[in-house]
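One structure is given below, encoded as C-alpha cells.
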Amino acid sequence: MALVHPPRGSGNSPGPCWQPHGAGCRGELLPSRATRLDLLERWGGNGRDVGVLPAPQPCPCRRIALRRMPSIRQTLQDMGVKVSDVFPELRQSRRGSAAGPRNGTAPTLLTNYLDTQYFGEISIGTPAQTFKVVFDTGSANLWVPSYKCSPLYSACISHSRYDSSKSRTYIANGTGFAIRYGTGSVKGFLSQDIVMVNIPIIQVFAEATVLPAFPFIFARFDGVLGMGYPSQAIDGITPVFDRILSQQILKEDVFSVYYSRWVLNAALKPGGEIILGGSDPAYYTGDFHYLNVSKSGYWQISMKGQAVVTMGGSGSPWEAQGCSSPLSCSRVSVGAEMLFCKDGCSAAVDTGASYITGVSNPPTPHSTSPLPLPSLPNISFHLGGKAFGLSGSAYILRQSQYGEDICVVAFSGLDIPPPAGPLWILGASFIGHYYTKFDRRNNRIGFATAR
C-alpha cells in the first residue's frame with residue numbers, strides 16, 4: 001500500500017520532526033514519543049486503513065539509542081556451559097556457515113549472533129509493542145517472535161512477541177517466510193503494520209512462529225532488523241531503511257554506527273547510537289576515509305593491500321610455527337611483520353557481529369591471552385590505501401566467567417565457503433574503534449577514528 005502524505009505546510013501537517021524526546025542532531029527540542037503516537041493514531045484512519053500517514057518534516061538526522069548487554073556466548077559461559085557443547089557443528093566443522101535462503105541471497109551465519117552485544121528498541125503496531133532488535137548490516141529483513149508461536153518453542157515464549165490482534169493498524173499478508181541457520185530455521189509468515197524506528201513507516205515484516213531453541217533461547221534480543229541492501233532481502237521485501245529513504249525526509253541517504261567502548265554498567269547504560277541521515281562529529285576525530293562497496297548490493301569492501309600484523313620485540317614469525325593466518329596460532333610470536341591476505345580479499349562490515357572474523361586453518365576458538373597487553377601485536381587492516389590499526393588493548397575484551405574477569409581475544413577463525421566466501425568480517429570490535437558510515441547513495445562505507 002502506498003504512503004499518501006498531506007501537502008507540506010497544509011493545515012493537516014503534524015509539523016515538527018518526529019524524533020524521540022530530547023535533542024536531535026543539532027540539539028533542537030523535539031516532541032515526545034507519546035505525541036508521535038497520538039499523531040500516528042490520528043492519521044492512521046479508523047479500523048485497519050493505514051494508507052495515509054502524515055508527512056514528517058525534514059530533519060538533519062534521526063537517532064536510535066543502542067544498549068550493550070551480554071552476548072549469547074557470554075551468557076552460556078556465565079552458566080558454565082561450553083559453546084561447543086551447545087553447537088557441536090562449530091566444533092566438528094570449520095565451515096561454520098548456514099545454507100543460503102531459497103532466493104539465493106547470501107547465507108546468514110549462525111556465529112554472527114553468538115557474540116552480538118548491541119541492541120536497539122523499535123515498536124510495531126498501534127498501540128506500540130516494543131522489541132529489542134539487532135541492527136544487522138549483514139541481512140535485510142525484519143523479523144520478531146509472534147504471539148502465534150507454539151509454546152513448544154521455548155525461545156519464543158522467553159521473548160517479547162508481536163500480537164496482531166492488539167494492533168489497530170495490522171494488515172494480514174500470510175506469505176510464508178524462512179531463514180536458515182546452522183542449527184535450524186527461523187520460520188513464520190509475513191504481516192504488515194506500522195513500524196517505528198524513530199520514523200514511522202508501513203512495513204512488511206516476518207512474524208516468527210518457529211525459533212530454534214539454540215541459540216535464541218539465550219539471546220537478550222527479540223529479533224533482527226536488517227540494514228542491508230534490497231538484493232539481500234528474502235521474498236523481495238523492501239527493507240526498513242529503504243522504506244525510510246522513500247519518504248525523502250533524511251538529510252543524507254546514509255546511516256552511521258557508533259559503539260561505545262566505555263560502558264561501566266553494560267546492562268543499564270547506552271552502548272552506542274545509530275544515526276539515520278548523517279553522522280555526529282562528537283563521535284569521531286579527523287575525516288572519513290571512504291571505500292566503495294566491492295560487491296553490488298552488499299556492505300562489503302576490498303582489502304586491496306593486505307592485513308598486516310606487526311609484532312615488536314624479538315622472536316620468530318607465526319609462519320615458522322606452521323600458522324596459515326594470525327587466527328590459527330595458539331601462541332603469539334614476536335619480532336616480525338607478517339602479511340596475510342597477500343593477494344587481496346573481501347571484508348564484510350557487519351554490525352550484527354561482534355568479533356573480527358577471518359580465514360583460519362584450523363580455526364582457533366575465542367581464547368584467553370597468556371601475554372600482558374603491552375606484549376600483544378598491533379594489527380592493521382589495509383583498506384583503500386590506508387592502514388586501520390588496532391593495538392592489543394583494542395582487540396582484547398574483558399568478560400566475566402565463573403565470577404572472574406577474563407580477557408578474550410576478539411578474533412575468530414571461520415572459513416566461509418563460496419559463493420559468500422572466502423570473506424573476512426569486521427564486526428563491533430572494529431567498528432567500536434572506527435566510527436562507520438554506510439552511504440547508500442554513493443554505495444560506499446566511510447571510517448573515521450572513534451573518540
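By UniProt numbering, the letter at position 335 of the sequence shown is numbered 335, and the numbering carries on one by one without gaps. Note that CB positions come from ideal geometry on N, CA and C, so glycine has one too.
DSSP state of residue 240, grouped into three classes? Here residue 240 corresponds to residue number 240 of the sequence shown, with the count starting at 1. Looking at residue 240 - three-state DSSP - the assignment turns out to be helix.
Let me confirm a value: residue 427 is counted as buried when at least 16 other C-beta atoms fall within 10 Å, else exposed. Which label applies? Translated into the one-based positions of the sequence shown, residue 427 becomes position 427. Buried: at least 16 other Cβ atoms inside 10 Å.
Looking only at its chain, what residues have a beta carbon closer than 6 Å to the beta carbon of residue 205, apart from the 5 residues adjacent to it on each side? Here residue 205 refers to the residue found at position 205 of the sequence shown. Excluding positions up to five away in sequence, the list reads 142.
I'd like to know if the region 243 to 254 and the region 270 to 284 are in contact, where contact means that at least 3 CB-CB pairs between them fall below 8 Å. yes
Taking the alpha carbon of residue 423 as the reference point, which residue from 119, 219, 301, 147 has its own alpha carbon closest? What you label residue 423 is simply residue 423 of the sequence shown in a count that begins at 1. Nearest C-alpha to residue 423: 301.
So, at 6 Å on beta carbons, what are the nonlocal neighbours of residue 384 in its own chain, with the 5 sequence-adjacent residues on each side left out? In the sequence shown, residue 384 corresponds to position 384, counting from 1. Counting only Cβ-Cβ distances below 6 Å, and skipping sequence neighbours, we find 291.
Given residue 249 as reference, the closest of 200, 133, 171 once Cα atoms are compared: To locate residue 249, count along the sequence shown from 1; it is residue 249. Nearest of 200, 133, 171 to residue 249, Cα basis: 200.
DSSP puts residue 227 in a beta bridge; with which residues? Here residue 227 refers to the residue found at position 227 when the sequence shown is read from its first residue. Residue 227 pairs with nothing; no bridge assigned.
What did DSSP end up calling residue 188 once you bin it into helix, strand or coil? Residue mapping note: residue 188 aligns to position 188 of the sequence shown, counting from 1. Note: residue 188 maps to strand in three-state DSSP.
If residue 411 sits next to residue 395, beta carbons under 8 Å apart, how far is it from one beta carbon to the other, in whole angstroms? One-based indexing of the sequence shown puts residue 411 at position 411. One-based indexing of the sequence shown puts residue 395 at position 395. Between residue 395 and residue 411 the Cβ distance is about 7 Å, and since that is below 8 Å, they are a contact.
Three-way DSSP call (helix, strand, coil) for residue 407 in this model: Against the sequence shown, residue 407 aligns to sequence position 407. Residue 407 falls in the strand class under three-state DSSP.
Which of helix, strand or coil does DSSP assign to residue 170? Here residue 170 refers to the residue found at position 170 of the sequence shown. Coil, per DSSP.
What does DSSP give as the partner residues of residue 151 in its beta bridges? As a working mapping, residue 151 is identified with position 151 in the sequence shown. None; residue 151 has no bridge partner.
Measure the alpha-carbon distance for residue 260 versus residue 144 and round it to whole angstroms. Within the sequence shown, residue 260 is the residue found at index 260, counting from 1. Within the sequence shown, residue 144 is the residue found at index 144, counting from 1. If I take the Cα positions, the gap works out to 26 Å.
Where residue 26 sits in the DSSP three-state scheme: As a first step, residue 26 is located in the sequence shown; it is residue number 26 there, counting from the start. At residue 26, the pLDDT of 37 sits below 50, so the modelled position is not reliable; the number obtained from the coordinates is stated separately. Looking at residue 26 - three-state DSSP - the assignment turns out to be coil, as it is neither helix nor strand.
Name the DSSP beta bridge partners of residue 420, please? To locate residue 420, count along the sequence shown from 1; it is residue 420. Its beta-bridge partners do not exist; DSSP assigns none.
Is it the case that the Cβ atoms of residue 437 and residue 445 are separated by a distance below 8 Å? Against the sequence shown, residue 437 aligns to sequence position 437. Against the sequence shown, residue 445 aligns to sequence position 445. Contact: yes.
Here's a check: name, in chain order, each residue in its chain whose Cβ is nearer than 7 Å to the Cβ of residue 164, leaving out the five neighbours to either side. Numbered from 1 along the sequence shown, position 164 holds the residue referred to as residue 164. Once the five neighbours on either side are set aside, the close Cβ partners of residue 164 are 170, 191.
Under 8 Å between C-beta atoms of residue 139 and residue 226: Stepping through the sequence shown from its first residue, residue 139 is reached at position 139. Stepping through the sequence shown from its first residue, residue 226 is reached at position 226. Yes, they are a contact pair.
Please state whether DSSP places residue 140 in a helix, a strand or coil. Position 140 of the sequence shown, counting from 1, holds the residue named residue 140. It is coil, neither helix nor strand.
CA nearest to the CA of residue 159, picked from 126, 414, 213, 137: Locating residue 159 in the sequence shown gives position 159, counting from the first residue. Closest option to residue 159, Cα to Cα, is 213.
Using the C-alpha atoms, what's the distance from residue 132 back to residue 157? Against the sequence shown, residue 157 aligns to sequence position 157. Against the sequence shown, residue 132 aligns to sequence position 132. Approximately 15 Å, taken between the alpha carbons.
Endpoints, the beta strand (DSSP E) within which residue 348 is located: Walking along the sequence shown from the start, residue 348 turns up at place 348. Residues 345 to 349.
Where does residue 281 sit, in a helix, a strand or coil, going by DSSP? Within the sequence shown, the letter at position 281 stands for residue 281. Three-state result, residue 281: helix.
Would you say residue 286 reaches chain C, if we count a Cβ-Cβ gap shorter than 8 Å as a contact? Protein chains in the displayed structure number just one, and chain C is not present.
On the DSSP bridge list, what partners appear for residue 193? For this step, residue 193 is matched to residue 193 along the sequence shown. DSSP lists 203 as partners of residue 193.
Please report how far the alpha carbon of residue 149 lies from the alpha carbon of residue 217, in whole angstroms. The residue labelled residue 149 in the question sits at position 149 within the sequence shown. The residue labelled residue 217 in the question sits at position 217 within the sequence shown. The alpha-carbon atoms of residue 149 and residue 217 are separated by roughly 14 Å.
Within the continuous beta strand (DSSP E) that includes residue 123, where are the two ends? For the purposes of this step, residue 123 is identified with residue 123 of the sequence shown, where counting begins at 1. Note, residue 123: beta strand (DSSP E), 118 to 124.
Taking a contact to mean a Cβ-Cβ separation below 8 Å, would you say residue 208 touches residue 240 in this structure? The residue given as residue 208 occupies position 208 in the sequence shown. The residue given as residue 240 occupies position 240 in the sequence shown. No. Outside cutoff.
Give me whichever residues DSSP pairs with residue 145 in a beta bridge. Position 145 of the sequence shown, counted from the start, is the residue given in the question as residue 145. Residue 145 is bridged to 208.
May I have the straight-line CA-CA distance separating residue 419 from residue 130, to the nearest angstrom? For the purposes of this step, residue 419 is taken as residue 419 along the sequence shown, with counting starting at 1. For the purposes of this step, residue 130 is taken as residue 130 along the sequence shown, with counting starting at 1. About 36 Å.
If you reduce the DSSP assignment to three classes, tell me which class residue 247 lands in. Taking the sequence shown and counting its residues from 1, the one referred to as residue 247 is at position 247. Correct three-state label for residue 247: coil.
Would you call the CB atoms of residue 271 and residue 397 closer than 8 Å? Taking the sequence shown and counting its residues from 1, one reaches residue 271 at position 271. Taking the sequence shown and counting its residues from 1, one reaches residue 397 at position 397. Not in contact: residue 271 and residue 397 (Cβ atoms no closer than 8 Å).
How many Å lie between residue 238 and residue 122 at the Cα? By 1-based counting over the sequence shown, the position of residue 238 is 238. By 1-based counting over the sequence shown, the position of residue 122 is 122. About 17 Å.
With distances taken from CA atoms, which of 219, 273, 297, 432 is nearest residue 232? By one-based count along the sequence shown, residue 232 stands at place 232. Checked all of 219, 273, 297, 432; the closest Cα to residue 232 is 297.
Just the C-alpha distance for residue 246 and residue 378, rounded to the nearest angstrom, thanks. Start at 1 with the first residue of the sequence shown, and residue 246 comes out as number 246. Start at 1 with the first residue of the sequence shown, and residue 378 comes out as number 378. When rounded, the distance between both Cα atoms is 43 Å.
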